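Peer 1:
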Amino acid sequence: MIKGFHHAALSTPNLERCLTFYTEVVGCEIAYEFGWPKGSADADKVTGLLESEAKAAMLKLGDSFLEVFEFSSPQPKPRHGERPVCDNGITHIAVEVNDIHSEYKRMKSAGMMFHSEPMAQESGFMVYGRDPDGNVLELIEYT
Numbered sequence: 089m090i091k092g093f094h095h096a097a098l099s100t101p102n103l104e105r106c107l108t109f110y111t112e113v114v115g116c117e118i119a120y121e122f123g124w125p126k127g128s129a130d131a132d133k134v135t136g137l138l139e140s141e142a143k144a145a146m147l148k149l150g151d152s153f154l155e156v157f158e159f160s161s162p163q164p165k166p167r168h169g170e171r172p173v174c175d176n177g178i179t180h181i182a183v184e185v186n187d188i189h190s191e192y193k194r195m196k197s198a199g200m201m202f203h204s205e206p207m208a209q210e211s212g213f214m215v216y217g218r219d220p221d222g223n224v225l226e227l228i229e230y231t
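Count along the sequence shown from 1, then add 88; that gives the number in the working numbering.
Below you can see the structure in the form of structure tokens.
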């Protein structure tokens with residue numbers, strides 16, 4: 089029986105920059121860091137890659153986790169601009185906040201780019217922004 093979702097994962101070209109954003113701006117804690125050298129048969133088997141090498145961290149926010157990888161092998165394809173949320177694949181990661189307007193102002197002053205100001209919806213407020221790699225991070229406040 090499936091108990092629930094445990095974590096989502098991102099691949100980044102700059103692990104340190106990504107960890108700084110998610111710890112200092114979003115408020116995550118680093119649960120643990122790990123990685124593997126090129127030639128790790130177990131890592132290659134799990135990831136479905138050949139000659140993979142990566143460093144990574146598991147971040148914790150409340151009861152949720154976000155895993156972040158920086159692969160040095162094989163060479164990741166570069167991301168070209170901000171991926172539109174209509175493209176197939178994961179569109180965004182959402183975090184629930186108590187006061188969306190103050191979090192929006194705080195995160196914007198820390199350099200986070202947003203698509204708009206917080207918007208009212210039937211159940212509260214929401215807004216989409218982008219992390220340093222262009223991934224969409226949604227702030228949501230239920231009222």
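Glycine residues also receive a C-beta, built at the ideal position from the N, C-alpha and C atoms.
Keep in mind it's a predicted model, so treat the numbers as computed, not measured.
Among the candidates Ala145, Pro164, Gln163 and Pro162, whose CA atom is the shortest distance from the CA of leucine 156?
Peer 2: According to the sequence shown, residue 156 is valine rather than leucine. For the residues Ala145, Pro164, Gln163 and Pro162, the minimum Cα distance to valine 156 belongs to Ala145.
Peer 1: Using a Cβ-Cβ cut-off of 6 Å (strictly less than) and excluding sequence neighbours within five positions of tyrosine 110, which residues of its own chain qualify?
Peer 2: Cys116 and Leu147
Peer 1: Going along the chain, which residues of its own chain have a beta-carbon closer than 6 Å to the beta-carbon of glycine 222, five neighbours each way excluded?
Peer 2: Glu170
Peer 1: DSSP state of histidine 94, grouped into three classes?
Peer 2: Annotated three-state conformation of histidine 94 is coil, per DSSP.
Peer 1: Taking only runs that begin and end inside the stretch 192-220, name each unbroken beta strand (DSSP E) of 3 or more residues, in chain order.
Peer 2: Complete beta strand (DSSP E) runs here, min 3: 207-209 and 212-218.
Peer 1: Just the C-alpha distance for lysine 133 and arginine 167, rounded to the nearest angstrom, thanks.
Peer 2: 25 Å
Peer 1: Mapping DSSP to helix, strand and coil, what is leucine 138?
Peer 2: coil
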